[in-house]
Amino acid sequence: MEVISVIALSFSQIKKAYYEQTVLDSISFSINAQDKLGLIGRNGTGKTTILRLIAGVEEPDSGMIYMDSKLKVGYMKQTDELDEDYTLLSYCMSAFEDLLSLEENLTAMEHEMASFKTDNEDFKIFMSKYEALSHSFEQQGGYIFRSKVRGILNGLGFGDESHDRAVKSLSGGQFARLKLARLLIDEPDILILDEPTNHLDIATTSWLENYLKQYPKTLLLVSHDRYFLDSVCTKIMEIENSNTMIYDGNYTVFKKKKEAHLEQLKRQYEKAQSERAKQEELIRKFKQRGTEKLAKRAKSREKRLERLETPEYVASRDNKMKLNLKAGLSSGTEVLHVENLCKSYGEQEVIRDVSFNVFRGERIGLIGHNGTGKSTILKILEGSLDFDEGQIKFGHQVLCAYYDQSMEDLDPECTIIEEIHNFVPLMDEVDIRTLLGRFLFTSDDVFKPIKVLSGGEKARVMLTKLFLTDSNFLMMDEPTNHLDIYSKEVLEDALGSYDGTMIVISHDRYFLDKICDQILEIDNHELTLYHGGYSYYTEKKAALAAKDEPDKPLVTKTEKRQDKKKERQMINQKKSLQSQVSEIEAIIHSTETRLEEIAHELCDEAVYSDPEKTKAILSEEKQLKTTQEELYEKWEEINEQLSDM
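If you use the numbering used here, the sequence shown corresponds to residues 7 to 651, in order.
Next up, the structure:
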């Protein structure tokens with residue numbers, strides 16, 4: 007049976023320009039209901055503009071946007087301001103103002119019902135209204151919305167202990183996460199997300215992926231996180247050369263389909279060019295002969311040549327950075343030795359007794375939750391931050407280079423070309439401009455002041471300086487931040503051929519998988535080294551979590567017996583928890599059934615005409631609702647335990 011897709015929105019010949027610079031030029035596309043579409047393209051191609059047009063934040067210069075006015079669109083504005091009196095929980099609960107108001111009305115009606123005179127027609131009308139409101143409350147999720155709010159807050163890294171925290175005390179990154187939580191709670195018909203994984207660590211990003219995969223409505227997102235696009239999206243739309251093309255499948259499928267599409271275009275282009283050359287050669291020969299008959303044939307072929315269409319083919323790789331990174335001197339075998347490193351800020355301990363070694367040629371990805379001290383470790387190694395205790399020793403002929411995600415090393419008052427000249431004073435201007443051209447700074451771009459650059463442009467200046475070093479040990483803190491997908495791929499290719507040693511902090515799992523051959527995880531002040539890339543790390547973590555045992559190279563018979571005992575205990579514990587879940591679900595079902603029965607009983611004249619019966623039933627209803635909320639919380643808690651096993 008053929009499934010007919012319902013169009014959620016469409017663009018027809020949309021144009022948009024800013025200060026005479028055209029961003030969108032007559033683009034057209036359609037998005038179906040329940041699509042999970044990832045929008046990709048180079049920085050500056052208009053991705054965010056498309057989102058803002060759909061959200062109604064901006065209007066097109068020309069063209070039409072078709073969308074059902076009844077559809078609710080959710081978009082996180084960068085300028086949202088909140089009441090300073092909000093807590094995290096109260097801000098998120100404000101999404102349910104109507105439901106909270108309805109709950110208050112029901113509670114007030116229940117109090118009023120107990121003292122109502124039951125022998126008149128007004129009470130029947132009252133009970134009919136109460137039953138309708140009660141049914142509406144249940145249909146709108148009145149018994150589960152509190153659990154939903156807590157679950158989303160916890161998933162985005164706000165534990166129960168932070169729910170009463172004042173919104174005004176949040177950092178910029180935390181505030182962005184809170185606004186994302188509120189957007190998910192709203193559950194709009196068209197959910198629009200612009201770089202949703204910014205400010206999220208790997209664990210929180212994984213939670214968001216799983217949540218969005220189950221999202222029941224239309225999702226449109228812009229992201230440079232290819233792992234995220236692979237996990238969440240069912241379609242990819244690319245903006246390139248002012249055109250849009252939609253591909254079915256995730257990012258990996260898109261890559262394969264696009265390569266095949268480009269190869270087909272290339273063959274068509276080459277065939278057309280060959281035909282054109284053939285016709286031009288025949289025309290030349292006909293004209294050379296000089297006969298009247300051949301001259302007519304030449305003219306006929308010239309007209310045919312004018313009508314011959316040459317398929318458009320633009321090689322996508324032409325507008326990419328061109329990088330080639332090589333190490334200078336070869337270092338000794340042991341590049342770095344760190345022993346019992348400690349660092350605190352006042353009474354806040356950031357890293358404690360950190361020890362690890364780095365050997366020549368290793369490519370280590372340093373990962374962990376936000377705030378675990380990853381950047382602190384690199385800053386200490388780079389020398390810009392003092393440490394409290396411990397020992398750091400670099401090996402023979404180790405030459406370090408450091409990429410700082412804060413980009414504090416850039417002078418905001420310098421132009422791009424001055425920044426590079428100050429870094430390498432002996433390099434002449436022609437060579438500097440040639441080098442900057444490889445990083446996509448052309449013509450007058452090189453005279454832009456650093457302070458007016460976008461995040462992506464600053465990142466490219468930082469990479470230019472990094473590639474000017476002869477280092478054999480790279481230390482990089484979030485080098486892919488601000489880079490579009492295409493620039494990330496170029497950086498990956500360059501680092502892939504780098505023959506030195508590197509340690510990289512990144513939340514970009516796709517990047518980690520391509521570049522790193524080891525993962526060093528920092529968690530609760532403990533370091534664990536995994537001898538493989540990011541995919542190996544996730545597989546190993548999943549296996550260890552299932553077994554609930556450390557990764558030990560050697561296991562004694564006693565340890566095996568203990569492990570089997572632990573495994574049996576875990577199986578029994580899991581069965582017990584699953585049994586509890588089934589019991590709770592059964593009680594919830596019976597509770598909901600009884601609440602429905604009570605709603606009907608309260609409308610029965612035999613009940614509402616008897617004050618004692620009415621009072622007893624209302625008391626029972628109140629107790630059941632309290633029990634139901636407790637059951638939902640318990641059910642959620644046990645399921646979280648099961649998911650961690």
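Cβ atoms here follow ideal geometry from the backbone N, Cα and C, with glycine treated the same way.
Just so it is clear, the structure is predicted and the values come from calculations on it, not from any experiment.
| Asked | Found |
| --- | --- |
| If you check the beta carbons only, do HIS402 and GLY338 fall under 7 Å apart? | yes |
| So, are the CB atoms of PHE200 and LEU57 less than 7 Å apart? | It should be noted that the sequence gives Asp, not Phe, for residue 200. Yes, the Cβ-Cβ distance between ASP200 and LEU57 is below 7 Å. |
| Of all the options GLN145, LYS135, ILE370 and ALA39, which has the alpha carbon lying nearest to the alpha carbon of TYR221? | ALA39 |
| Please name the residue in GLY69, PHE35, GLY47 and SER16 whose C-alpha comes closest to that of ALA23. | GLY69 |
| Just reading off the alpha helix (DSSP H) that GLY443 is part of, what are its end residues? | 435-444 |
| Alpha carbon to alpha carbon, how far is LEU105 from LYS21? | 41 Å |
| So, for LYS520: in the same chain, excluding its five sequence neighbours on each side, which residues have a beta-carbon less than 6 Å away from its beta-carbon? | GLU498 |
| How close, in whole Å, do the beta carbons of ARG515 and TYR542 come, if the pair is a contact with beta carbons under 8 Å? | Wrong, their Cβ atoms sit about 12 Å apart, outside the cutoff. |
| Hey, how far is the Cα of ASP394 from the Cα of ALA209? | 29 Å |
| Can you check DSSP and say which residues form a bridge with HIS343? | ASN363 and LYS399 |
| Could you spell out where the alpha helix (DSSP H) holding ASP519 opens and where it closes? | 515-521 |
| Work out the CA separation of PHE260 and ASP450 for me, nearest whole Å. | 35 Å |
| What do you get for PHE453, buried or exposed, if any count of 16 or more other CB atoms within 10 angstroms of its CB means buried? | exposed |
| Rounded to whole angstroms, what's the CA-CA distance from ILE386 to ASP392? Just pull it up for me. | 6 Å |
| Pick helix, strand or coil for MET99, following the three-state DSSP scheme. | helix |
| So, for LYS558: in the same chain, excluding its five sequence neighbours on each side, which residues have a beta-carbon less than 7 Å away from its beta-carbon? | Note that LYS558 scores 45 on pLDDT, short of 50, meaning its location in the model is unreliable; the coordinates nonetheless yield the value given after this. None. |
| Taking only the alpha-carbon atoms, compute the straight-line gap between HIS141 and LEU218 and give it to the nearest angstrom. | 29 Å |
| Measure how close the beta-carbons of ASN363 and GLU340 come, nearest whole angstrom, since I'm counting them as under 8 Å. | 7 Å |
| Nearest to THR211 by CA position, among GLU642, LEU226 and ASN160, is which residue? | ASN160 |
| Can the beta-carbon of THR3 be found less than 7 Å from the beta-carbon of GLU368? | As shown, the chain starts at 7 and ends at 651. That puts residue 3 outside it, with no answer to give. |
| Using DSSP with H/G/I as helix, E/B as strand and the rest coil, what is SER75? | coil |
| Is the CB-CB distance between VAL173 and TYR97 below 7 Å? | yes |
| Taking the C-alpha atoms as reference points, what is the distance between SER588 and LEU637? | 12 Å |
| At 4 residues or longer, and completely inside the segment 481-514: list those alpha helix (DSSP H) runs for me, N to C. | 491-502 |
| How is ASN376 classed by DSSP in three states: helix, strand or coil? | coil |
| Alpha carbon to alpha carbon, how far is GLU281 from LYS272? | 14 Å |
| Hey, out of ILE528, ARG171, GLU137 and ILE71, whose CA is closest to LYS380's CA? | ILE528 |
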